[in-house]
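Peer 1: Quick one: the structure is below, and I'll ask about it shortly.
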Amino acid sequence: MSDERARRLGMSRREFLLSTMGAATGLLALAACSREESGGGAGGTFEVPEEATTDTDVATTVLGSHEPVIDVQTHFLEYPDGAKGDFGLGFPQANCGEENPADCFGIDRWMQEIFGHSDTTVAVLSAIPVVAQADPLSAELMAQARDQLSQACGDGRVLMQGHGVPNVGDLGAALAAMEREAARYPLVAWKAYTHAGPPWRLDDADPDGVQVGEAFLSKVDELGVDIVCVHKGLSGGNPFSSPADIGPAAAQRPDLRFCVYHSGFESGVTEGPYDPSAPNAGADRLVASLAQAGVEPGGNVYAELGSTWRSVMGSPDEAAHLLGKLLLAVGEDNVLWGTDSIWYGSPQDQIQAFRTFSISPELQETHGYPELTDEVRSKILWRNAAALYRIDPATLPCQLDPVEADAARRSSPRAHRTYGPRTAAGARRLFLAEHPWAAPRR
7 MSDERARRLG
17 MSRREFLLST
27 MGAATGLLAL
37 AACSREESGG
47 GAGGTFEVPE
57 EATTDTDVAT
67 TVLGSHEPVI
77 DVQTHFLEYP
87 DGAKGDFGLG
97 FPQANCGEEN
107 PADCFGIDRW
117 MQEIFGHSDT
127 TVAVLSAIPV
137 VAQADPLSAE
147 LMAQARDQLS
157 QACGDGRVLM
167 QGHGVPNVGD
177 LGAALAAMER
187 EAARYPLVAW
197 KAYTHAGPPW
207 RLDDADPDGV
217 QVGEAFLSKV
227 DELGVDIVCV
237 HKGLSGGNPF
247 SSPADIGPAA
257 AQRPDLRFCV
267 YHSGFESGVT
277 EGPYDPSAPN
287 AGADRLVASL
297 AQAGVEPGGN
307 VYAELGSTWR
317 SVMGSPDEAA
327 HLLGKLLLAV
337 GEDNVLWGTD
347 SIWYGSPQDQ
357 IQAFRTFSIS
367 PELQETHGYP
377 ELTDEVRSKI
387 LWRNAAALYR
397 IDPATLPCQL
407 DPVEADAARR
417 SSPRAHRTYG
427 PRTAAGARRL
437 FLAEHPWAAP
447 RR
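Those letters in the sequence shown? Residues 7 to 448, by my numbering.
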């Protein structure tokens, strides 16, 4: 299809594939394959008209939008000169072509991939599980990136999280460090990893874990930065990365808001309909935790899609069940768009796929899933985050016309491709390289 469309339009195959029409062609093919595999009863699909494969205006109307995109989970790695850094080098972005793979993750690359190669309007910088002198995503570096982008495009496009590590070293010293960070920087949230380092739970319910959850949440409450973003899932089944503590913590702390990064999703776990009598080892754990704790949809828990949507968007049926379950569990106002980029290069493919995705009427009727209307997609892509972080959309700067943005991306001198493994075995090796705690236990 790409060869034929490119010839018809007088374009090179490469130029066509870099265009929005090329993206539409890929999604159209994926939808057709999904229908064939399911015998015509696919639970999720990409609604792309065939005209979008040859008409730029149609393609940008379907895959593009004049509305903003707020990405609540992004990262970069800016290692100081001479510092040895290997965190992140197993991710696809390391294949960007630089002689030193670490150079693929710097601030300049992050700006280009997130804001130059995608429709992202605002990005939250989220801490990584590194506690060392050479933290390549420290609050100081986040502030530097924010200032750089502000000079180029105006204020308001970058938000910063603080990094809470109450489980590392002396608890008093860790809480004091949070105080200093909150006093020095305009933080909008705290980021925590309950499975990295000495394990812990937000609700201190496991005696085998470090008992720091209550102290951490009390400090968060005291400092007034009332959003806690916590990595849950993508751990190979580590029990302390389970979202089982989210429901109890949210019920005990109604004045705090909990953003569940990855929504408890685990690679290797097939997402299907939620069965309360037999929840799966992925996102069902979050659904079960909220139900058992009595946390209602629209409450103080938010489900985030970083890495999760990218993992399931190639399997439309799984994607339909995942989104449907989350929308029922937390409500359509509490699902947040995140991509985990720069790990995978530009998030534009994720954005375009999401804008065209729909849940079948059959799954809606059978499982009570809501329809993915334009309004619901708009909420997920930006409106929910704007409400959570109190962002005024009227002040969002540097919004390009979709057609102009598509032309600019096609003409970029940078290699514009999706990096990473091309086989399932390669994907597993990459994941384990970056998530050593997920290796099977003996």
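Just so it is clear, CB atoms sit at the ideal spot from N, CA and C, and this is done for glycine as well. No experiment lies behind these values; they were computed from the predicted model shown.
1. Under the three-state reduction of DSSP, which class applies to C235: helix, strand or coil?
2. Assign T362 to buried or exposed, taking buried as 16 or more other Cβ atoms, counted over all protein chains shown, within 10 Å of its Cβ.
3. Short of 6 Å in beta carbon distance, which residues of its chain neighbour L223, apart from the five on each side in sequence? Order them along the chain.
4. CB P2 to CB L181, shorter than 8 Å?
5. Return the Cβ separation of V136 and F93 in integer angstroms, given the expectation that the two are a contact with Cβ distance under 8 Å.
6. By DSSP, does S347 sit in helix, in strand, or in coil?
7. Could you pull the DSSP bridge partners for D77 from this structure?
8. Looking at V174 and G203, is the spacing between their C-beta atoms short of 8 Å?
9. Would you identify the three-state DSSP class for F222, choosing helix, strand or coil?
10. Skipping 5 residues on each side, what residues in its chain have a beta carbon closer than 8 Å to that of A421?
11. Using DSSP bridges, identify the partner residues of F93.
12. Who are the near neighbours of E10 in its chain, counting only those whose CB is closer than 7 Å to its CB and skipping five residues on each side?
13. On the CB-based measure, 16 or more other CB atoms within 10 Å of its CB, does G300 come out buried or exposed?
14. Do I386 and Y375 have their C-beta atoms within less than 8 Å of each other?
15. Out of G122, D61, A89, A250, which one is the CA nearest neighbour of D290?
16. Using the rule of at least 16 other Cβ atoms within 10 Å of the residue's Cβ for burial, across every protein chain shown, is N106 buried or exposed?
17. Would you identify the three-state DSSP class for F246, choosing helix, strand or coil?
18. Given a threshold of 16 other Cβ atoms within 10 Å of its Cβ, counted over all protein chains shown, does C39 qualify as buried or as exposed?
19. Can you tell which of G230, P282, H268, S273 has the C-alpha that lies nearest to the C-alpha of V307?
20. CB M27 to CB T60, shorter than 8 Å?
21. So what does DSSP say about Q167, is it helix, strand or coil?
22. So, under 8 Å CB-CB, S132 and K197 are touching, yes? Tell me the CB distance rounded to an integer number of Å.
23. Under the three-state reduction of DSSP, which class applies to A421: helix, strand or coil?
24. Is the beta carbon of E272 closer than 8 Å to that of L240?
25. Give me the DSSP bridge partner(s) of S364.
26. Would you list, in sequence order, the uninterrupted alpha helix (DSSP H) runs of no fewer than 4 residues that lie entirely inside the segment 275-330?
27. Using only alpha-carbon positions, find the residue among E57, Q358, V194 that is nearest to V231.
28. Could you check what DSSP says for L342 in three-state terms: helix, strand or coil?
29. If you run the structure through DSSP and keep just helix, strand and coil, what is F121?
30. Could you check the C-alpha separation between S248 and A211 for me, to the nearest Å?
31. Along the chain, where does the beta strand (DSSP E) that runs through C265 open and close?
32. Within the continuous beta strand (DSSP E) that includes A198, where are the two ends?
33. Could you tell me whether the segment 378-395 touches the segment 328-343, using the rule of 3 or more Cβ pairs below 8 Å?
34. How long is the line joining the alpha carbons of H201 and V78, rounded to whole angstroms?
35. Only counting the same chain, and skipping five residues up and downstream in sequence, which positions put a Cβ closer than 7 Å to that of F111?
36. If you drop the 5 nearest sequence neighbours on each side, which residues of the same chain put their C-beta closer than 8 Å to that of E228?
Peer 2: So, from the listed chains and residues:
1. As a first step, residue 235 must be located in the sequence shown, where it is residue number 229. In the structure shown, C235 sits in a strand (DSSP, three-state: E or B).
2. As a working mapping, residue 362 is identified with position 356 in the sequence shown. Buried, because 16 or more other Cβ atoms sit within 10 Å of the Cβ of T362.
3. Taking the first residue of the sequence shown as 1, we reach residue 223 at position 217. Taken in chain order, the residues that qualify are R259.
4. One cannot answer for residue 2 here, as it falls past the ends of the chain, which runs 7 to 448.
5. Looking up residue 136 in the sequence shown gives position 130. Looking up residue 93 in the sequence shown gives position 87. Indeed, because the Cβ distance is near 6 Å, the residues count as touching under 8 Å.
6. Numbered from 1 along the sequence shown, position 341 holds the residue referred to as residue 347. Note: S347 maps to strand in three-state DSSP.
7. The sequence position of residue 77 within the sequence shown is 71, counting from 1. According to DSSP, D77 bridges with A129.
8. In the sequence shown, residue 203 corresponds to position 197, counting from 1. In the sequence shown, residue 174 corresponds to position 168, counting from 1. Yes. Within cutoff.
9. As a first step, residue 222 must be located in the sequence shown, where it is residue number 216. Helix.
10. Walking along the sequence shown from the start, residue 421 turns up at place 415. For A421, the predicted model reports a pLDDT of 49, less than 50, meaning its position is unreliable and no value from the coordinates is stated.
11. Start at 1 with the first residue of the sequence shown, and residue 93 comes out as number 87. F93 pairs with nothing; no bridge assigned.
12. On the sequence shown, position 4 is the one that residue 10 refers to. Same-chain partners within the cutoff: there are none.
13. For the purposes of this step, residue 300 is identified with residue 294 of the sequence shown, where counting begins at 1. Exposed, because fewer than 16 other Cβ atoms sit within 10 Å of the Cβ of G300.
14. For this step, residue 386 is matched to residue 380 along the sequence shown. For this step, residue 375 is matched to residue 369 along the sequence shown. Going by C-beta atoms, I386 is not nearer than 8 Å to Y375.
15. Counted from its first residue, the sequence shown places residue 290 at position 284. For the residues G122, D61, A89, A250, the minimum Cα distance to D290 belongs to A250.
16. Working through the sequence shown from its first residue, we reach residue 106 at position 100. By the 10 Å Cβ count, N106 comes out exposed.
17. If you number the sequence shown from 1, residue 246 lands on position 240. In the structure shown, F246 sits in a helix (DSSP, three-state: H, G or I).
18. For the purposes of this step, residue 39 is taken as the residue at position 33 of the sequence shown. C39 comes out exposed.
19. Against the sequence shown, residue 307 aligns to sequence position 301. Checked all of G230, P282, H268, S273; the closest Cα to V307 is H268.
20. As a position in the sequence shown, residue 27 is number 21, starting the count at 1. As a position in the sequence shown, residue 60 is number 54, starting the count at 1. Yes, the Cβ-Cβ distance between M27 and T60 is below 8 Å.
21. Against the sequence shown, residue 167 aligns to sequence position 161. In the structure shown, Q167 sits in a strand (DSSP, three-state: E or B).
22. Within the sequence shown, the letter at position 126 stands for residue 132. Within the sequence shown, the letter at position 191 stands for residue 197. 5 Å between Cβ atoms; contact.
23. For the purposes of this step, residue 421 is taken as residue 415 along the sequence shown, with counting starting at 1. Reliability fails at A421, whose pLDDT of 49 lies under 50, so the model's placement of it is uncertain and the value that follows must be treated cautiously. If DSSP states are grouped into helix, strand and coil, A421 belongs with coil.
24. Locating residue 240 in the sequence shown gives position 234, where the first residue counts as 1. Locating residue 272 in the sequence shown gives position 266, where the first residue counts as 1. Yes, Cβ-Cβ distance for L240 and E272 is below 8 Å.
25. Within the sequence shown, residue 364 is the residue found at index 358, counting from 1. BP columns for S364 point to T51.
26. 290-299, 314-318
27. Position 225 of the sequence shown, counting from 1, holds the residue named residue 231. The option with the nearest alpha carbon to V231 is V194.
28. Here residue 342 refers to the residue found at position 336 when the sequence shown is read from its first residue. Note: L342 maps to strand in three-state DSSP.
29. Within the sequence shown, numbered from 1, the residue matching residue 121 stands at position 115. The answer is helix: DSSP assigns F121 an H, G or I state.
30. Mapped onto the sequence shown, residue 248 falls at position 242. Mapped onto the sequence shown, residue 211 falls at position 205. So the alpha carbons of these two residues sit roughly 13 Å apart.
31. The count along the sequence shown starts at 1 and reaches residue 265 at position 259. C265 -> beta strand (DSSP E) spans 263-267.
32. Residue numbering aside, residue 198 sits at position 192 when the sequence shown is read from its first letter. Run containing A198: 193-199, per the beta strand (DSSP E) assignment.
33. yes
34. Start at 1 with the first residue of the sequence shown, and residue 201 comes out as number 195. Start at 1 with the first residue of the sequence shown, and residue 78 comes out as number 72. H201 and V78: Cα-Cα distance of roughly 21 Å.
35. Your numbering for residue 111 matches position 105 in the sequence shown. Around F111: F82, L83, G94, Q99, I348.
36. Your numbering for residue 228 matches position 222 in the sequence shown. Same-chain partners within the cutoff: there are none.
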